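With the sequence shown counted from 1, adding 93 to any position gets you my numbering. C-beta atoms are modelled at their ideal positions from N, C-alpha and C, and glycine is treated no differently. Remember, predicted model here, so these are calculated numbers, not experimental data. The next block holds one structure in the form of structure tokens; read it before the comments.
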Amino acid sequence: MNNTRRHTLAALAAVPAALAFPTLARAQGKIVLGFSQIGAESEWRTANTESIKAAAKEHGIELKFSDAQQKQENQIKAIRSFIAQKVDVIAFSPVVESGWGTVLREAKAAKIPVILTDRAVNEKDDSLWVTFMGSDFVEEGRKSGRWLLENYKGQGDVNIVELQGTVGSAPAIDRKKGFEEIIKAQPRFKIIRSQTGDFTRAKGKEVMEAFLKAEGKKINVLYAHNDDMAIGAIQAIEEAGLKPAKDIIIISIDAVKGAFEAMMAGKLNVSVECSPLLGPQLMQAVKDLKAGKTLPRRIVTEEGIFPMEVAAKEFPKRKY
Ligand code: GYE
């Protein structure tokens with residue numbers, strides 16, 4: 094055996110079988126989609142994952158699904174493995190906004206189109222992805238702020254504590270921005286504390302406990318960037334002997350079932366909708382791409398707002 098051949102064999106042995114040989118799916122003529130999900134940090138995320146898996150099945154698309162456990166490095170690894178496997182399309186929901194340039198250029202060099210779902214990236218070269226589908230997070234922040242200005246009954250200074258989402262993520266940055274843009278019109282509304290709760294119940298509770306310890310009864314309003322953190326915070330508020338939604342007005346975002354249950358129990362004042370049901374439109378976009386169609390650069394999800402007064406009536410209609 095000559096040297097070159099030995100090298101080739103050795104190299105092949107180092108490549109997992111799944112990468113060295115075309116998948117069965119491709120042999121059957123199926124479209125192969127690699128999807129890198131952020132993790133399972135919230136009710137929203139779980140519903141999003143279910144929506145994507147169900148829609149792939151329905152559309153006959155072979156889905157390679159990878160869970161990054163909220164770590165950017167795991168998402169980058171997953172995307173590189175999708176490139177090595179020569180999937181037809183890559184889609185992902187970027188945990189944070191920055192740091193994607195290199196891996197996106199690798200996908201582009203491999204001629205694999207990339208679709209951003211749910212969260213945006215902060216990259217100048219917008220030829221690195223074909224479309225971005227998901228919510229307008231700045232608008233969700235504005236809706237939260239408007240609801241507060243229109244519905245807050247008390248006089249004098251209004252002390253707000255804010256539970257931010259994951260540091261550096263598009264929804265945390267944008268929801269803060271939209272909310273602040275609206276409340277600055279009335280200077281008596283003041284954010285006195287703002288900290289990340291990483292979009293989870295456990296962290297939401299922990300940080301709210303710290304807010305209560307530091308500010309106690311001074312807190313008039315809680316603005317949480319998602320429902321899960323608000324639900325965690327509600328526990329902290331109750332444990333501190335205060336009444337959620339009465340002693341402290343609570344606004345959160347997503348409108349997942351858990352938020353409706355909290356509203357029906359009178360513990361959450363309002364939830365601004367952010368739909369995780371992106372599966373069907375993602376699969377449609379994947380098919381359109383493979384059929385040679387040009388996608389719109391931005392596909393925005395339509396969403397509403399649900400105050401506690403309508404929760405019981407709306408609850409049976411909710412799909413996530
Ligand atoms: O609001 C939060 C989740 O990116 C819109 O991520 C999504 C956010 C959602 O963990 O609950």
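For the alpha helix (DSSP H) containing S301, name the first residue and the last one. Checking the sequence shown, residue 301 turns out to be Met, not Ser. M301 -> alpha helix (DSSP H) spans R294 to E308.
Sequence-distant residues of its chain with Cβ nearer than 7 Å to K236 (five each side left out): V365 and I398
Taking the beta carbon of K406 as the centre, do at least 16 other beta carbons fall within 10 Å, making it buried, or is it exposed? Label assigned to K406: exposed.
Could you tell me if L126 is buried or exposed, where buried requires 16 or more neighbouring beta carbons within 10 angstroms of its beta carbon? buried
Measuring CB atoms only, is the region 215-229 touching the region 285-292, in the sense that at least three cross pairs come out at less than 8 Å? With the cut-off at 8 Å, the region 215-229 and the region 285-292 do not touch.
F353, enclosing alpha helix (DSSP H) - first and last residue: K350 to M357
Would you report the Cα separation of A177 and P400, rounded to the nearest angstrom? Spanning the alpha carbons of A177 and P400 requires a straight line of approximately 47 Å.
Please indicate yes or no: does the CB of P187 lie closer than 7 Å to some heavy atom of ligand 1? no
Can you check which of these residues, D267, A358, F304 and K336, is closest to N319 by C-alpha distance? Nearest C-alpha to N319: D267.
Look at the alpha carbon of A355 and the alpha carbon of T142, and state the distance between them as a whole number of angstroms. 23 Å
Between the alpha carbons of K386 and T139, how many angstroms are there, rounded? 30 Å
Can you tell me whether F292 sits near ligand 1, meaning its C-beta is under 7 Å from at least one heavy atom of the ligand? yes
Could you pull out every residue in the same chain whose Cβ sits closer than 7 Å to the Cβ of V300, ignoring the five residues on either side in sequence? Result list for V300: L256, Q288 and G290, in chain order.
Supposed close pair V188, Q163 - CB separation, criterion 8 Å: 6 Å
Within 10 Å of its beta-carbon, does L242 have 16 or more other beta-carbons around it, so buried, or fewer, so exposed? Exposed is the call here.
Extent of the continuous beta strand (DSSP E) run through S458: Residue 458 cannot be examined here, being either before or after the span of the chain that is shown, 94 to 413.
Rounded straight-line distance, which links the Cα of A133 to that of K360: 24 Å
Cβ neighbours of K296 in the same chain (closer than 6 Å, five flanking residues each side left out): G290
Do I343 and L315 come within 8 Å of each other at the CB atom, strictly closer than that value? In this structure, I343 lies closer than 8 Å to L315 by Cβ.
How many angstroms separate the CA atom of E396 from the CA atom of Q374? 15 Å
Check this for me: beta carbons of V254 and F304, under 8 Å apart or not? Yes.
Length of the line joining the Cα atoms of A348 and C367: 7 Å
Cα-Cα, which of E402, P369 and I205 is closest to S144? P369
In the structure shown, what three-state DSSP assignment does N244 receive? helix
Any non-hydrogen atom of ligand 1 within 7 Å of E232 CB: no
Straight-line Cα distance separating S220 from Q328: 45 Å
Is K157 buried or exposed, if buried means 16 or more other CB atoms sit within 10 Å of its CB? buried
Could you check whether I346 and N313 sit closer than 8 Å to each other, using their CB atoms as the reference points? no
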